[in-house]
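Asker: Number 10 in the UniProt record's numbering belongs to position 10 of the sequence shown; there are no gaps in the numbering.
Backbone N, C-alpha and C define an ideal beta-carbon position, used for all residues, glycine too.
Here it is: the structure, laid out below.
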Amino acid sequence: MNNFFLELTIALLFGIGTFLVLRRDMMKIIIGFGIISHAINLYIVGGGVFTDGTLVPILEHEQALEGLGQGLIYNDNLTAGILGPITTNPYTEFVDPLVQALVLTAIVIGLATTAFVLTLCYRVNEEYGTVDVQELRRLRE
């Protein structure tokens, strides 16, 4: 993947999210926070890509050196209890699985938080009849 397009996408998402957060409508603010969280997740996943011959993180150092030299990603070793498919290695870029797990966790937490905030927004709309932040401040006084 070309890093320029990834950086451009992250910057656009972050800019659009910031623009929406600065609006007066609570729904637009919630959508803006969701877009910013997606931009942050893209940034984290983009940082977890290994290039330039970096070893695959799920292998032992000796296994990775031996496997990369033979064009193998993973090697079966029954004495050590390791079972894995033997495949050729046509790829030079790998993604860290820990980063993917952290981003998946962040997506789930973001979904739950967004659902909670949308419920609060709905209740505010039912109670006060508006979701305009400045009008809600005026009603509070």
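Using a Cβ-Cβ cut-off of 7 angstroms (strictly less than) and excluding sequence neighbours within five positions of V117, which residues of its own chain qualify?
Answerer: Here residue 117 refers to the residue found at position 117 when the sequence shown is read from its first residue. So the list reads I30, once near-sequence residues are dropped.
Asker: Could you check what DSSP says for M1 in three-state terms: helix, strand or coil?
Answerer: Position 1 of the sequence shown, counted from the first residue, corresponds to residue 1. With a pLDDT of 49 at M1, under the threshold of 50, the modelled position of this residue cannot be trusted; read the value that follows with caution. Here M1 sits in coil by DSSP.
Asker: Reducing DSSP to helix, strand and coil, say where V131 ends up.
Answerer: For this step, residue 131 is matched to residue 131 along the sequence shown. Looking at V131 - three-state DSSP - the assignment turns out to be coil, as it is neither helix nor strand.
Asker: Nearest to Q134 by CA position, among R24, F4, E7, A11, is which residue?
Answerer: Position 134 of the sequence shown, counted from the start, is the residue given in the question as residue 134. Checking every option, the nearest Cα to that of Q134 belongs to R24.
Asker: What separation, rounded to the nearest whole angstrom, lies between the Cα atoms of V103 and F33?
Answerer: For the purposes of this step, residue 103 is taken as residue 103 along the sequence shown, with counting starting at 1. For the purposes of this step, residue 33 is taken as residue 33 along the sequence shown, with counting starting at 1. When rounded, the distance between both Cα atoms is 16 angstroms.
Asker: Are D41 and A106 closer than 7 angstroms when you measure CB to CB?
Answerer: Position 41 of the sequence shown holds residue 41. Position 106 of the sequence shown holds residue 106. Looking at the sequence itself, residue 41 is Asn, so the reference to Asp does not match. Contact: yes.
Asker: Where does G17 land, buried or exposed, given buried means 16+ other C-beta within 10 angstroms?
Answerer: Your numbering for residue 17 matches position 17 in the sequence shown. Burial call: buried.
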